[in-house]
Amino acid sequence: MFGLNPKDARLLIIVAIMVVAAPVLLNPFPEGSNLAQFNAGYPDLMQRFVIFGIFAIGFNILFGLTGYLSFGHAAFLGIGSYAAIWMMKLLTMNIIPGIIVSVIVAGVFSLAVGWISLRRSGIYFSILTLAFAQMCYSLAYSVLTPITGGETGLQPKVNDPRILDAATNDGVVPKTNLFGLEMTSSTEIVMGGWVFTLNAGYYVAALVMLISFYISIRIFRSPFGVMLRAVKSNQQRMNYTGLNPKPYTLAAFVISGMYAGLAGGLMVAMDTQAGADRMFWTASGEVVLMTILGGVGTLIGPVLGAGAIKYMENILSKINKDILHQWFALLPDGLEDVIVALIYPFVGKGWHLTLGLLFMLVVIFLPGGLVEGGQRIAALFKRKRKPEDARSGKSTEPAE
Amino acid sequence: MGILEVKNVNKRFGGLQALGDVNLSVAENTCHAIIGPNGAGKSTLLNCLVGKLIPDTGSVMFDGQSVLGRSPHEINQMGISRVFQTPEIFGELSVMENMMIPCFARRDGAFRMHAYKDAGAERDIIDRAESVLEDLNMIDKREMTASSMSRGDKRRLEIAMCLAQEPRLLLLDEPTAGMARADTNNTIDLLKRIKAERDITIAIIEHDMHVVFSLADRITVLAQGTPLVEDTPDKIKGHPKVREAYLGEAA
Ligand SMILES: Nc1ncnc2c1ncn2[C@@H]1O[C@H](COP(=O)(O)OP(=O)(O)OP(=O)(O)O)[C@@H](O)[C@H]1O
Ligand SMILES: [Mg+2]
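Chains as they are written, first to last, in full-length UniProt numbering: chain B, 1 to 400; chain L, 1 to 251.
Here you go:
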């Protein structure tokens with residue numbers, strides 16, 4: 001199907017179903033219940049899931065396949081955001097031009113940055129990309145203020161030209177849309193105690209994510225993908241086999257930069273503002289964490305990693321002391337205080353601690369990330385079902 | 001004129017003269033062995049041929065063209081493939097993928113952005129890779145991860161990868177080092193067969209005299225970076241200088 005082998009096609013279909021059903025799947029708890037705050041099925045967060053999923057999918061094409069660890073990819077995301085918002089100011093609030101231009105501009109920048117950074121490998125490459133990203137960040141705050149809006153960032157204003165849009169005179173900034181379909185428009189479905197929100201913006205972003213995911217599968221399975229893995233495995237052998245690793249690596253760098261730009265453009269399409277903090281080095285580090293947490297070099301891993309980190313950032317961080325006390329109210333007072341005191345450092349503002357611990361556990365016990373975890377569990381079930389097959393199972397299959 | 005002409009090549013590492021005025025001519029479709037004690041500069045000489053090192057002075061001509069100043073992948077594309085002293089393969093990749101890469105290099109050159117195709121649907125590449133694997137009796141290992149194979153198989157794979165490119169000159173750096181006797185004999189048979197069946201020139205570095213005398217048409221003895229003698233295997237066997245410098249009286 002679509003030129004995919006059956007296994008990849010199955011994966012794509014499963015992901016597509018999950019993504020379409022996400023507003024329901026992520027809202028398992030009825031509204032108003034104690035557990036409702038674990039619901040992640042609201043538009044803002046779901047949009048972030050898929051957008052950061054795109055960012056991580058692209059990053060994985062560089063890091064997962066070639067092994068080159070960029071510490072500056074947030075710069076391309078930020079640049080994509082600025083490009084998109086300028087399109088919205090100058091041309092139209094239709095998101096299409098903004099997204100296309102964000103990909104192109106990020107691609108051009110990553111070509112320049114990659115051209116220079118890829119002269120070195122290993123830690124020096126990482127440092128060079130980090131330096132570039134921090135440079136972009138500082139410039140956006142200082143000399144480039146006329147283009148970037150400096151500290152205030154950029155938002156569409158009422159009196160922006162928007163030459164392609166019909167003039168509005170009601171004094172409100174028009175909303176981003178896809179040929180009239182506003183990104184903020186939602187339909188709520190109430191079923192008993194449950195409320196499911198189907199949001200236009202989410203589904204647009206989700207569709208883009210599915211296309212990005214499909215493209216990444218194609219790249220993984222293509223001769224080009226084999227070459228990228230060869231770069232990671234043994235550049236010396238590549239050279240002496242008549243292949244030039246440089247353009248392969250640069251191409252991977254540019255592709256992943258364009259994915260980052262796409263994510264930046266989509267971010268603006270969903271939430272019309274752009275600021276320099278999106279390019280800060282912690283943002284670059286975050287996508288590294290996402291990729292490693294989910295599974296470096298696997299197809300679906302980066303998406304899982306992005307989801308896990310964004311979930312913790314948005315859900316765990318909202319649990320405060322009062323909520324904890326509420327949960328454990330049934331326990332005797334002394335015990336309740338002890339338990340709350342034990343849990344509290346890991347939630348709320350302390351969610352980074354949980355993330356850090358989870359990250360350490362994954363790196364130490366599951367070097368293949370969450371995907372490896374999933375595979376081990378699946379293998380466990382398989383072995384239970386037909387133990388005689390366990391030994392003949394080959395472990396050389398390409399990771400999902 | 002040989003297919004490979006090395007003239008007055010010198011190479012120093014700091015105070016060490018690794019190669020001193022090396023002259024070497026390898027005739028087309030022959031097997032030329034380079035022997036010499038450890039540290040004689042044999043690998044250094046190969047490195048100068050494939051662009052890994054640039055000689056301080058001298059010239060290296062392959063098929064009438066200079067290789068100096070070209071990068072390794074360009075030299076390989078001219079038709080020179082090399083097997084290393086320690087096998088250089090793509091360890092994380094499967095044997096089949098290892099084989100496909102040189103096939104792509106041969107068909108598409110040093111870089112081609114074919115990201116839209118499915119590697120598994122490249123029939124001509126797969127056929128070629130399979131036929132070489134078949135030829136070398138490795139077809140049953142096609143799905144194995146390369147790094148999980150035995151040392152002998154890794155070496156065999158590396159030779160297979162080089163052969164898949166159909167090079168005009170094949171450079172082998174101690175292809176049987178660390179191999180069991182049986183594996184060594186297999187490799188000798190393999191190389192003999194390659195020599196008989198293909199239009200290929202082979203330059204081989206080897207410590208194992210059994211291998212050298214089974215394969216070589218001509219032998220160059222290198223000692224302390226300088227060629228001592230160059231002659232046919234029979235003459236080399238009896239050469240007093242060689243006995244003294246390298247083979248020892250026991251041989
Ligand atoms: N890159 C290098 N830098 C410095 N010295 C080197 C380098 N490569 C080789 N040498 C030195 O040059 C000399 C020749 O080394 P070379 O590897 O060519 O020997 P060889 O004949 O291949 O020996 P062996 O049979 O042990 O493989 C040695 O003394 C070695 O230490
Ligand atoms: Mg050597």
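Glycine included, C-beta positions come from ideal geometry on N, C-alpha and C.
Notebook entry, point to check: Start and end of the alpha helix (DSSP H) containing D183 of chain L?
Noted result: Here residue 183 of chain L refers to the residue found at position 183 when the second sequence is read from its first residue. Unbroken alpha helix (DSSP H) run through D183 of chain L: 181-197.
Notebook entry, point to check: How long is the line joining the alpha carbons of V50 of chain L and L19 of chain L, rounded to whole angstroms?
Noted result: As a working note, residue 50 of chain L is residue 50 in the second sequence. As a working note, residue 19 of chain L is residue 19 in the second sequence. So the alpha carbons of these two residues sit roughly 15 Å apart.
Margin query: Between which two residues does the beta strand (DSSP E) holding S142 of chain B run?
Written below: As a first step, residue 142 of chain B is located in the first sequence; it is residue number 142 there, counting from the start. No beta strand (DSSP E) contains S142 of chain B, which DSSP labels as neither H nor E.
Check: If you measure from the beta carbon of M138 of chain L to each beta carbon in chain B, is any gap under 7 Å?
Finding: On the second sequence, position 138 is the one that residue 138 of chain L refers to. At a cut-off of 7 Å between beta-carbon atoms, M138 of chain L makes no contact with chain B.
Next item on the list: Quick one: list the residues of chain B neighbouring residue 301 of chain L, beta-carbon separation under 7 Å, in chain order.
Entry: Nothing about residue 301 of chain L can be read from this structure; chain L reaches only from 1 to 251.
Note to self: Given the structure, does T232 of chain L come close to ligand 1, in the sense that its CB is under 6 Å from one of the ligand's heavy atoms?
What the structure shows: Residue numbering aside, residue 232 of chain L sits at position 232 when the second sequence is read from its first letter. T232 of chain L: no, Cβ never under 6 Å from ligand 1.
Check: Can you name the residues that DSSP bridges to P227 of chain L?
Finding: If you number the second sequence from 1, residue 227 of chain L lands on position 227. Paired residues: L:L222.
Notebook entry, point to check: At a Cβ cut of 9 Å, what residues of the stretch 88-103 of chain L count as close to chain B, listed as they run along the chain?
Noted result: Legend: CB atoms of the stretch 88-103 of chain L lying less than 9 Å from CB atoms of chain B belong to residues E88, I89, F90, G91, E92, L93, S94, E97, N98, M100, I101, P102.
Notebook entry, point to check: Can you tell which of B:E313, B:L90, B:E372, B:F49 has its C-alpha closest to the C-alpha of G295 of chain B?
Noted result: Indexing the first sequence from 1 puts residue 295 of chain B at position 295. In terms of CA proximity to G295 of chain B, B:E372 leads the group B:E313, B:L90, B:E372, B:F49.
Item checked: Chain-ordered neighbours of N177 of chain B on chain L, where CB pairs are closer than 9 Å -> For this step, residue 177 of chain B is matched to residue 177 along the first sequence. Neighbours of N177 of chain B on chain L: none; closest Cβ ~32 Å, over 9 Å.
Checklist line | Any non-hydrogen atom of ligand 1 within 6 Å of K11 of chain L CB | finding: Here the question's residue 11 of chain L lines up with position 11 in the second sequence. No - ligand 1 has no heavy atom lying nearer than 6 Å to the Cβ of K11 of chain L.
Checklist line | Residues that Q326 of chain B contacts on chain L, provided the C-beta gap is smaller than 8 Å | finding: Position 326 of the first sequence, counted from the start, is the residue given in the question as residue 326 of chain B. Within 8 Å Cβ-Cβ: nothing; Q326 of chain B doesn't reach chain L, min ~50 Å.
Next item on the list: Grab the span of the alpha helix (DSSP H) containing D8 of chain B for me, first residue to last.
Entry: To locate residue 8 of chain B, count along the first sequence from 1; it is residue 8. Looking at the DSSP string, the run of the alpha helix (DSSP H) that includes D8 of chain B is 6-25.
Check: Along the stretch 44-61 of chain L, what residues have a CB closer than 9 Å to any CB found in chain B?
Finding: From the stretch 44-61 of chain L, only V50, G51, K52 have a Cβ closer than 9 Å to chain B.
Check: At a CB-CB cut-off below 8 Å, which residues of chain B make contact with E130 of chain L?
Finding: Here residue 130 of chain L is taken as the residue at index 130 of the second sequence, counted from 1. When 8 Å is used as the limit between beta carbons, E130 of chain L is near no residue of chain B, the shortest such separation being about 16 Å.
Margin query: Let me check understanding here. Comparing Cα to Cα, which of B:A22, B:S233, B:F2, B:A133 lies closest to G72 of chain B?
Written below: Reading the first sequence from its first residue, position 72 is the one you call residue 72 of chain B. Here the closest residue by C-alpha is B:A133.
Notebook entry, point to check: Span of the alpha helix (DSSP H) holding M267 of chain B?
Noted result: Mapped onto the first sequence, residue 267 of chain B falls at position 267. From DSSP, the alpha helix (DSSP H) with M267 of chain B extends over 245-270.
Check: What is the residue span of the alpha helix (DSSP H) that D127 of chain L lies within?
Finding: Reading the second sequence from its first residue, position 127 is the one you call residue 127 of chain L. 123-135 is the extent of the alpha helix (DSSP H) around D127 of chain L.
Notebook entry, point to check: What residue range is occupied by the uninterrupted alpha helix (DSSP H) comprising V226 of chain B?
Noted result: On the first sequence, position 226 is the one that residue 226 of chain B refers to. The continuous alpha helix (DSSP H) containing V226 of chain B extends over residues 223-233.
Notebook entry, point to check: Whose CA, out of L:I125, L:I159, L:K11, lies closest to the CA of S222 of chain B?
Noted result: Translated into positions along the first sequence, residue 222 of chain B becomes position 222. S222 of chain B has its Cα closest to that of L:I125, out of L:I125, L:I159, L:K11.
Check: Using CA coordinates, which residue listed in L:L191, L:V211, L:R218 is at the minimum distance from L136 of chain L?
Finding: Taking the first residue of the second sequence as position 1, residue 136 of chain L is located at position 136. Minimum Cα distance to L136 of chain L is reached at L:L191.
Checklist line | Cut-off 8 Å between Cβ atoms - residues of its own chain near S392 of chain B, not counting five sequence neighbours on either side | finding: Start at 1 with the first residue of the first sequence, and residue 392 of chain B comes out as number 392. Per-residue confidence for S392 of chain B stands at a pLDDT of 41, beneath the threshold of 50, marking its modelled position as unreliable; the derived number appears in the next sentence. The answer is none, since no qualifying residue turns up.
Check: Should the stretch 208-225 of chain L be called in touch with the stretch 181-199 of chain L, which here means at least 3 C-beta pairs below 8 Å?
Finding: With the cut-off at 8 Å, the stretch 208-225 of chain L and the stretch 181-199 of chain L touch.
Next item on the list: Rounded to whole angstroms, what's the CA-CA distance from K349 of chain B to N34 of chain B? Just pull it up for me.
Entry: Stepping through the first sequence from its first residue, residue 349 of chain B is reached at position 349. Stepping through the first sequence from its first residue, residue 34 of chain B is reached at position 34. Each residue's Cα considered, the two are about 20 Å apart.
Margin query: Is A236 of chain B a contact residue of ligand 2, with contact defined as CB to any heavy atom under 6 Å?
Written below: Indexing the first sequence from 1 puts residue 236 of chain B at position 236. The sequence given here has Gln at residue 236 of chain B, not Ala. Distance from the C-beta of Q236 of chain B to the nearest heavy atom of ligand 2 is not below 6 Å.
Check: Counting only beta-carbon atoms, is H239 of chain L nearer than 7 Å to chain B?
Finding: Here residue 239 of chain L corresponds to residue number 239 of the second sequence, with the count starting at 1. No, no contact with chain B.
Margin query: For I236 of chain L and A129 of chain L, I'd like the C-alpha separation in whole angstroms.
Written below: Counted from its first residue, the second sequence places residue 236 of chain L at position 236. Counted from its first residue, the second sequence places residue 129 of chain L at position 129. Taking the straight line from one Cα to the other gives about 38 Å.
Check: Should P167 of chain L be flagged as near chain B, meaning a C-beta pair shorter than 7 Å?
Finding: What you label residue 167 of chain L is simply residue 167 of the second sequence in a count that begins at 1. Not a single CB atom of chain B sits nearer than 7 Å to the CB of P167 of chain L.
Notebook entry, point to check: Where does S94 of chain L fall in DSSP's three states?
Noted result: As a working note, residue 94 of chain L is residue 94 in the second sequence. When secondary structure is reduced to three states using DSSP, S94 of chain L falls in the strand class.
Margin query: Is there a C-beta anywhere in chain B that falls below 7 Å from the one on residue 262 of chain L?
Written below: In the structure displayed, chain L extends from 1 to 251; residue 262 of chain L sits before or after that span and is not available.
Note to self: Quick check: is any heavy atom of ligand 2 less than 6 Å from the C-beta of K42 of chain L?
What the structure shows: As a first step, residue 42 of chain L must be located in the second sequence, where it is residue number 42. Yes, since a heavy atom of ligand 2 falls inside the 6 Å radius drawn around the Cβ of K42 of chain L.
Notebook entry, point to check: Using a threshold of 6 Å, is the CB atom of Q85 of chain L nearer than that to any non-hydrogen atom of ligand 2?
Noted result: Locating residue 85 of chain L in the second sequence gives position 85, where the first residue counts as 1. Yes, the beta carbon of Q85 of chain L sits closer than 6 Å to at least one heavy atom of ligand 2.
Check: chain B partners of E174 of chain L, CB-CB under 8 Å?
Finding: Here the question's residue 174 of chain L lines up with position 174 in the second sequence. Close partners of E174 of chain L in chain B (Cβ separation under 8 Å) are lacking, with about 16 Å as the shortest Cβ gap.
Next item on the list: Kindly say whether N39 of chain B, judged by its beta-carbon, lies nearer than 7 Å to any beta-carbon of chain L.
Entry: On the first sequence, residue 39 of chain B is found 39 positions in, with the first residue counted as 1. Interface annotation, N39 of chain B: not in contact with chain L, CB-CB separation never under 7 Å.
Check: Would P227 of chain L count as contacting chain B if we go by Cβ distances under 7 Å?
Finding: Within the second sequence, the letter at position 227 stands for residue 227 of chain L. No, no contact with chain B.
Notebook entry, point to check: What are the residues that DSSP puts in a beta bridge with V9 of chain L?
Noted result: The residue given as residue 9 of chain L occupies position 9 in the second sequence. For V9 of chain L, which the question treats as bridged, DSSP gives the partners L:V22.
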